[in-house]
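Protein chains: 2
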Amino acid sequence: MASLPQERRSRTTLAAIAAEAGVSLPTVSKVVNGRPDVAPATRARVERLLHEHNYSRGALRRHHRSGLVDLVFNGLDSPWAVEILRGVEEWGATHSTGVAVSAVRHGDARPASWTSALASHDTDGVILVTSELTGAQLGQLRSAGIPLVVIDPVNPPPPDIPSVGATNWAGGLVATEHLLALGHRLIGAIAGPGDYLCSVARIDGYRSALERAGVSFDPGLVRHGDFHHEGGFARGGELLDLPGRPTAIFAGSDQQAFGVYEAARQRGLRVPEDLSVVGFDELPVARWASPPLTTIRQPLAEMGRTAAQMLGELVDGAPLRSTRIELSTELIVRESTAARAARPSQHPS
Amino acid sequence: MASLPQERRSRTTLAAIAAEAGVSLPTVSKVVNGRPDVAPATRARVERLLHEHNYSRGALRRHHRSGLVDLVFNGLDSPWAVEILRGVEEWGATHSTGVAVSAVRHGDARPASWTSALASHDTDGVILVTSELTGAQLGQLRSAGIPLVVIDPVNPPPPDIPSVGATNWAGGLVATEHLLALGHRLIGAIAGPGDYLCSVARIDGYRSALERAGVSFDPGLVRHGDFHHEGGFARGGELLDLPGRPTAIFAGSDQQAFGVYEAARQRGLRVPEDLSVVGFDELPVARWASPPLTTIRQPLAEMGRTAAQMLGELVDGAPLRSTRIELSTELIVRESTAARAARPSQHPS
DNA sequence: ATCCTCTCCGAAACAGTTTCGACGTACCCA
DNA sequence: TGGGTACGTCGAAACTGTTTCGGAGAGGAT
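Heads up: the protein sequence lines correspond to chains A and B, in order. Take -12 as the starting number for the first sequence in our numbering and just add one per residue. Take -12 as the starting number for the second sequence in our numbering and just add one per residue.
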């Protein structure tokens, strides 16, 4: 039986590994299940082979539906994330599928990729939210046959990976046009992290709106935040301390908008009388802020539902219908924006 | 029922079921896995037997750790929930355990209990958050041998079910004492849903603080909200429209506090000059509200971590150490509370 | 040397899944 | 009506993986 080397390439079975490692099948099984009674040397040898063949819980398990989908966030510290989660969970509830939530932490000491965690509880598919995707991770997923859908990818995903997002560019455009229509000409903008696709799209929309209106784009009025309160507060403060203080700020996200609120409040500036603010996301809090926030609605829950839907089809073996879906954004006007005051604090011109 | 009860407890194997149903073992396997090629009549017969013996993925699997814990929320529509989730997820990440999130929906058409959903992907344990727990559900869990930990139970759980909460009573007391110390005497309160334990505890604390200060408790100043923005807005509006308008409101939750903000703003009342507001929870937004919210910190993430920790011990078969843990709350003073104005009920201009 | 103990491993029994072919029935067509 | 075809249903056998249990061998104590 040892004469045929083809044996091992055809199927990755415990017996094959056992033969190659020169041990018996039960011993390999014990290694896989972390049983104690295996000598360290033997364990290491088997594990190395296991890893070489990247054995994934049995080739036959490949067709077993576990009824579980993994939802991986890049940080779980935003109400933003819950909205996505709600959408995915709703889909899961109506399709008898569990949703396992996890968060990758960039600053974490353990550089272990989230893909390794997936192996412990076998998952039917993965939805990755605003996270980077390395080639190695992709390779792991592919070899394990686990479908993947990305929401708001930070870097453009490979063509065979479907992604779901919102019309961020159009949203940035509409937000800025709204401010322009109110008479504002000095409009600041706070982007998200510079490497997020959705962030640059929004700022591009902002710039296009300015240019279409014949207002020159001033790079000094654009800052990069972190999409959180802190970033909005710090960057917003910088903008408000500028000699030519903007009369309006496109905050890039709702949370940043609230940071801007606070920066304005601390400087004795009123919203919207002295400063108009537009957010992005339409978190539930936006309607309840003081004053209620004018913002760009992004159908977060629906994005989650859509991604889950696509993933479900992929899990069922359906072919990929579309590789990229962008759900439309919408301007929601509330009370944080107003026409530019007759005598705003004019910058010296 | 004709067979000995010991028999089915000792060994519920597919082969036994097959023999009893008069079919072969593979056929039973197909039924369990939902394979299509089984005649409806046969399937029904086998399923009935399966249910009678309540076969649960093999008796040997009983000791198999799936590395998955279920976190069941009563509605997922609050930033409150994410904080809990974060705590549980953190624990899961460091204990190579996945966290499956689901939400029960009270108004849902499908009255199917969440416990049935648990059966699909076998779970090591359940953390239930602010939800009711029927005896039937408890029975299902017990018979399946799935440990349970409850966070903020709505009704007092049975003595053998551990629960985690916060010192709600003390929080309500401290919040109210803070307002009393600022000179307020007409203090409104907005509770959560009347049947929530945490809600009544907070209001009891509020009442005790009043009584200890020699201020008479006026039931007309207490309203029942829903812990959400809407409730705070509606009930807060009612309080503010009272003839003897309160000069301070203990909002019962941060979200209700923001609802009160909006109710006050619509009436031209300023916070804190005309109205002091205290929240409860210390959601991340509280620090970024306009004005920043004075609130009672509830260590939500730590509550999640603690519950997960307890559940982990239970899963490992450790004995129950304590049946009830209350983590301490803490007053965080920001800018939404101020000393009572000299002429409280007048609009300053 | 002898005995004991403890670690490590595999033979065998066990549990469950999948493949594949047999059997019977229903349906279609001449 | 008869023959052929298609399909649904089921089980024998082969397969994958898990657990138990006993035995070989190393090392230590006497």
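All C-beta atoms in this analysis are idealised placements derived from N, C-alpha and C, irrespective of residue type, glycine included.
Whose Cβ in chain B lies nearer than 7 Å to the Cβ of A/D268? Chain B residues near A/D268: none, gap ~13 Å exceeds 7 Å.
Which runs of the alpha helix (DSSP H) fall wholly inside the segment 130 to 190 of chain B and span at least 4 residues, in chain order? 155 to 168
For B/R232, three-class secondary structure by DSSP: coil
Using a Cβ cut-off of 8 Å (strictly closer), state whether B/H334 contacts chain A. Its pLDDT being 47, under 50, B/H334 is placed unreliably by the model, and nothing is read from it.
Smallest Cα separation from A/A221: which of B/E269, B/I174, B/W275? B/W275
Take every Cβ of the segment 181 to 197 of chain B, pair it with every Cβ of the segment 156 to 172 of chain B, and state whether three or more of those distances are shorter than 8 Å. yes
Shorter than 8 Å from the beta carbon of A/P134 to some beta carbon of chain B? no
Where the segment 245 to 263 of chain A meets chain B: residues whose CB sits under 7 Å from a CB there: F245, G246, Y248, E249, R252
Which one or two residues does DSSP pair with A/R284 in a beta bridge? A/D268, A/E317
Considering Cα atoms alone, identify which of A/T281, A/A3, A/E313 is closest to A/E39. A/A3
Taking 8 Å as the limit between beta carbons, can you name the residues of its chain near A/A288, skipping five residues before and five after? E70, I71, R73, G74, E77
Top-ranked residue by Cα proximity to B/P149, from B/R308, B/R254, B/R321: B/R308
Can you tell me whether DSSP reads B/R97 as helix, strand or coil? Confidence at B/R97 is low in this model, with a pLDDT of 49, below 50, so its placement is unreliable and no value can be given for it.
Taking only three categories from DSSP, how would you classify A/D338? A query on residue 338 of chain A cannot be resolved here, the shown segment of chain A reaching from -12 to 336 and no further.
On the three-pair Cβ rule with 8 Å, is the segment 248 to 255 of chain A touching the segment 221 to 238 of chain B? no
Sequence-distant residues of its chain with Cβ nearer than 6 Å to B/S323 (five each side left out): V258, P259, V264, P278, L280, T281
Does the distance from the CB of A/H211 to the CB of A/A178 come in under 8 Å? yes
Checking contacts by CB at 8 Å: is B/R73 closer than that to chain A? yes
Determine the contact status of B/A326 and B/G170, defining contact as a CB-CB distance below 8 Å. yes
Can you find the residues in the same chain that come closer than 8 Å, C-beta to C-beta, to A/T344, ignoring five residues on each side of it along the sequence? The first residue shown for chain A is -12 and the last is 336, placing residue 344 of chain A beyond what the model contains.
Measuring only the C-alpha atoms, how far is B/G132 from A/T14? 30 Å
Mapping the DSSP letters down to three states, classify B/L(-9) as helix, strand or coil. Here the model assigns B/L(-9) a pLDDT of 27, short of 50, so the residue's position is not dependable and the matter cannot be decided.
Got a sec, what are the start and stop residues for the beta strand (DSSP E) B/A337 sits in? No answer is possible for residue 337 of chain B: it lies beyond the span of chain B, which begins at -12 and ends at 336.
Applying a beta-carbon distance threshold of less than 7 Å, which residues of chain B neighbour A/E76? L63, V88, S89, A90
Taking all protein chains shown into account, do 16 or more other C-beta atoms lie within 10 angstroms of the C-beta of A/S240, making it buried, or fewer, making it exposed? buried
Quick check on A/T316: buried or exposed, where buried means 16 or more other Cβ atoms within 10 Å of its Cβ? buried
Buried or exposed (CB count within 10 angstroms, at least 16 for buried), B/S11: exposed
Can B/G219 and B/Q243 be called in contact, C-beta distance under 8 Å? yes
Closer than 8 Å between beta carbons: that is the criterion. Which residues of the segment 198 to 231 of chain A meet it against chain B? H216, F220
Give me the residue from B/P306, B/G299, B/L318, B/E313 with the minimum Cα distance to B/L55. B/G299
Would B/T(-1) pass as an interface residue toward chain A - the criterion being a Cβ-Cβ separation below 8 Å? no
Exposure label - B/M(-12); buried when at least 16 CB within 10 Å: With a pLDDT of only 30 at B/M(-12), under 50, the local geometry of the prediction cannot be trusted, and the value read off the model is given with reservation. Exposed.
Do B/L256 and B/L262 come within 8 Å of each other at the CB atom, strictly closer than that value? yes
The alpha helix (DSSP H) that contains B/F220, what's its start and end? 216 to 227
Under the three-state DSSP convention, the category B/S195 falls into: helix
Could you check what DSSP says for B/L58 in three-state terms: helix, strand or coil? strand
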